[in-house]
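A.B. asks: Just so you know, we're using the numbering used here here: the sequence shown kicks off at 5 and counts up by one.
Quick reminder that beta carbons are idealized off the backbone N, C-alpha and C, glycines included.
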Amino acid sequence: MARAKILLACASCRQQVSQWVGRCPACGSWGTIEESGGRGTGGTPLAALAAAPGEATRVSSGSAGVDRVLGGGIVRASVALLAGEPGIGKSTLLLQMLAHLSDEGHRCVLVSGEESHAQVAARAQRLGVSGQEISFAPGRDLEAVIDTARAASPFVLAVDSIQTIRDVTGAQMPGGTSQVRVCADALIGLAKTEGITVLLTGHVTKDGDLAGPRALEHAVDVVLAFDGDPRSGLRVLSSGKNRFGAEGETAWFEMGGHGLREIDPTELLVSHDRSPGAAVALPQAGRRAVAVEVQALVGSTEGPARRQVTGLDLRRFQLVAAVVDRAAQLPLGRTELFGASSGGVRLDDPACDLAVAAALVSASTGVAPPTGSAFVGEVALTGAVRPAANLAQRLAAAKAAGCSVVYAAGEPSKVPHGLHVVPVRHIRQALDWAFHLEDRSVRAHTA
Ligand code: TYD
Ligand code: MG
5 MARAKILLAC ASCRQQVSQW VGRCPACGSW GTIEESGGRG TGGTPLAALA
55 AAPGEATRVS SGSAGVDRVL GGGIVRASVA LLAGEPGIGK STLLLQMLAH
105 LSDEGHRCVL VSGEESHAQV AARAQRLGVS GQEISFAPGR DLEAVIDTAR
155 AASPFVLAVD SIQTIRDVTG AQMPGGTSQV RVCADALIGL AKTEGITVLL
205 TGHVTKDGDL AGPRALEHAV DVVLAFDGDP RSGLRVLSSG KNRFGAEGET
255 AWFEMGGHGL REIDPTELLV SHDRSPGAAV ALPQAGRRAV AVEVQALVGS
305 TEGPARRQVT GLDLRRFQLV AAVVDRAAQL PLGRTELFGA SSGGVRLDDP
355 ACDLAVAAAL VSASTGVAPP TGSAFVGEVA LTGAVRPAAN LAQRLAAAKA
405 AGCSVVYAAG EPSKVPHGLH VVPVRHIRQA LDWAFHLEDR SVRAHTA
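So, in C-alpha cells, the structure goes:
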C-alpha cells in the first residue's frame, strides 16, 4: 500500500506546499509551514501531544542550577530566551552551556551578530572550552542563520543576540520590534519543524524590560532572566515564563576569572551560631538579594599595618575601618585588618558596609553580633548610615536565610512576618545596639 502523503501548509495563510520550506511562498511568513493534519495524515494522537516532556527529551546543560531553572534540563526542540542587561554574562553562560553539550557529543551551532570569531575564541580560551562540536558563524542575516542551522542540523542552535538578527528580505525596519518578532518566529518555526533546540539571548533595558516586543516572551517556551550588578560578581538566573517547569526557580552564580561558577546561597550564610568576627550582609544581585557572611580579622603588628581583603572592595573596607575607628573608638588604625566574604564571593554593593563595620567591631571586641542578625546600609564618612535600595528584597533574603533581626537604615515598605527591623541612622547606633559598646566604654572608664 502506498504511504499516505504528508500534506504541508502554511499555518498563517493555509497555502499548501509540496515540500518543507523555511518561508511560505504565498504570504512570506517564516517558519509557518507545518503538517496540515486532517485529510492526509489522520492527525496526531492527542495523547502524544499531551505527553509532558519526559526524561528522554531532556538534556543536561552541565549546570545543576541552570537545569533546575529550566525545570529539569534542556527540552529538545524547545526555544529558550536568556534575557539580561549588557555585560551581565549572557554570552558567557551560553558558551559554558554549549561547551558542556559539545563535551557530551551534541552538535552545536553558535551564531553571533555581536561578536567576531576572534572575540568568541578569546572567551572560549578564557573559559577553557575545547568546543569540539561547536561551530561558530558570525552573522546577522536571518536567512543565512536558518540555512546554516539546516545544513548542520545541530542539537542546539544558539543565537547571540535576537536583537542583532535581521530579515533582510522583509520590509520591516532593521532593529525594530517587528524585526525581532519576525526573526524569533522564524527561529521558533525552525525549532519545531527541524527538532532543533534554540537558545536565544536578548537584551533588556535597565528596568528589566526586553528591548523589543513583549510578544517575544509569549512566543518562546522559556524565558530566563539573568540579573546582577555588572560591577559585582553575584548573578542570579531565574525562570520567568516556563512551559516545562515552575516560574521563579533561581540559581546563583559568581562571575570570576574563568567564567560563571555556581554558588549555593544557603552556604554563603555559614551558621547562626555566630562567632566573633563575622556578620551577615544582604547584598543585591539584580532584582533579588541574598544573605552572605562577611568576616574580619584584627591583628596586632609592629610593622606596617596591612589591609587585605578577599571578595570585598579594598577601598570601601578601608573607609569603613576608618569610620569604625572614629565612631566606635576602637583603635583599628595601627592594627592589621583582614576582610573576607564567605566563599570569597565578590561583594561590591555599598549596602554591605554596615555588615563590614559589624564584623570589624566584632573581631576587635571579641563580641559576636546578636544571634540571627543581619546588617544593611551604606556608611558615609561622617558615620551616617544611608538607606539601601530595595530594602524589601533584602529583608526577604534575610528571612529566607533564617535571620530574625536586621539592623537597617531606611523605611521598609514591607517587613516579612517574624523579622524584627531595628532602624539605624548612624553607625554608632547600630554598633551600640548590636554590641553594647556603651556598656563597654562605661566599664572601661570605671575600671
Ligand atoms: P558577557 O558574557 O560578554 O556578557 P553579556 O553577553 O551579557 O553582555 O560577559 C560580560 C562580562 O563578564 C565582561 O565584562 C567580562 C566578564 N567576564 C569575566 O569576568 N570572566 C569571564 O570568564 C568572562 C568570560 C567574562
Ligand atoms: Mg554578549
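Using beta-carbon positions only, say whether A405 and A295 come within less than 7 Å of one another.
C.D. replies: At the C-beta level, A405 and A295 come within 7 Å of one another.
A.B. asks: Quick check: R338 and A309, are their CB atoms within less than 7 Å of each other?
C.D. replies: Their beta carbons are under 7 Å apart, which means R338 touches A309 by this criterion.
A.B. asks: State the start and end residues of the unbroken beta strand (DSSP E) segment that holds P269.
C.D. replies: First-last for P269: P269 to L272, but that is the alpha helix (DSSP H), not the beta strand (DSSP E).
A.B. asks: Ordered along the chain, which non-local residues of its own chain (more than five positions away) have a Cβ less than 8 Å from that of A393?
C.D. replies: Q288 and A355
A.B. asks: Looking at A283 and A362, is the spacing between their C-beta atoms short of 7 Å?
C.D. replies: Against a cut-off of 7 Å, the Cβ pair of A283 and A362 comes out as a contact.
A.B. asks: Could you tell me the alpha carbon to alpha carbon distance between A141 and G117, rounded to whole angstroms?
C.D. replies: 9 Å
A.B. asks: Residue range of the alpha helix (DSSP H) that T197 falls in?
C.D. replies: T181 to E198
A.B. asks: In three-state DSSP terms, what is H430?
C.D. replies: It is a strand residue.
A.B. asks: What are the start and end residues of each continuous alpha helix (DSSP H) run of 4 or more residues lying completely inside the stretch 200-252, in chain order?
C.D. replies: Within the stretch 200-252, the runs of alpha helix (DSSP H) at least 4 residues long that lie entirely inside it are, in chain order, 219-223.
A.B. asks: Using DSSP bridges, identify the partner residues of G263.
C.D. replies: In DSSP, G263 forms a bridge with G260.
A.B. asks: Any chance the CB of S95 is under 6 Å from a heavy atom of the ligand MG?
C.D. replies: yes
A.B. asks: My output table needs one value for S377: the three-state DSSP class, helix, strand or coil.
C.D. replies: strand
A.B. asks: Is there contact between the stretch 320-327 and the stretch 262-272, where contact requires at least three CB pairs shorter than 8 Å?
C.D. replies: no
A.B. asks: DSSP state of A404, grouped into three classes?
C.D. replies: Correct three-state label for A404: helix.
A.B. asks: Which of helix, strand or coil does DSSP assign to Q20?
C.D. replies: strand
A.B. asks: Using the three-state DSSP reduction, which class does S64 fall into: helix, strand or coil?
C.D. replies: coil
A.B. asks: L98 bridges to which residues according to DSSP?
C.D. replies: In the DSSP output, where bridge partners are listed per residue, L98 has none listed.
A.B. asks: Are L264 and V73 closer than 7 Å when you measure CB to CB?
C.D. replies: no
A.B. asks: Please report how far the alpha carbon of E266 lies from the alpha carbon of T205, in whole angstroms.
C.D. replies: 20 Å
A.B. asks: Relative to the C-alpha of S243, which residue among G237, D233, T254 and R235 is closest?
C.D. replies: T254
A.B. asks: Are three or more beta carbon pairs between the stretch 186-195 and the stretch 227-240 nearer than 8 Å?
C.D. replies: no
A.B. asks: As a quick exercise: from E198, T61, I37 and W34, pick the residue whose alpha carbon is nearest that of F248.
C.D. replies: Closest by alpha carbon: T61.
A.B. asks: Let me check you understand the geometry: is the CB of I267 closer than 6 Å to at least one non-hydrogen atom of the ligand TYD?
C.D. replies: no
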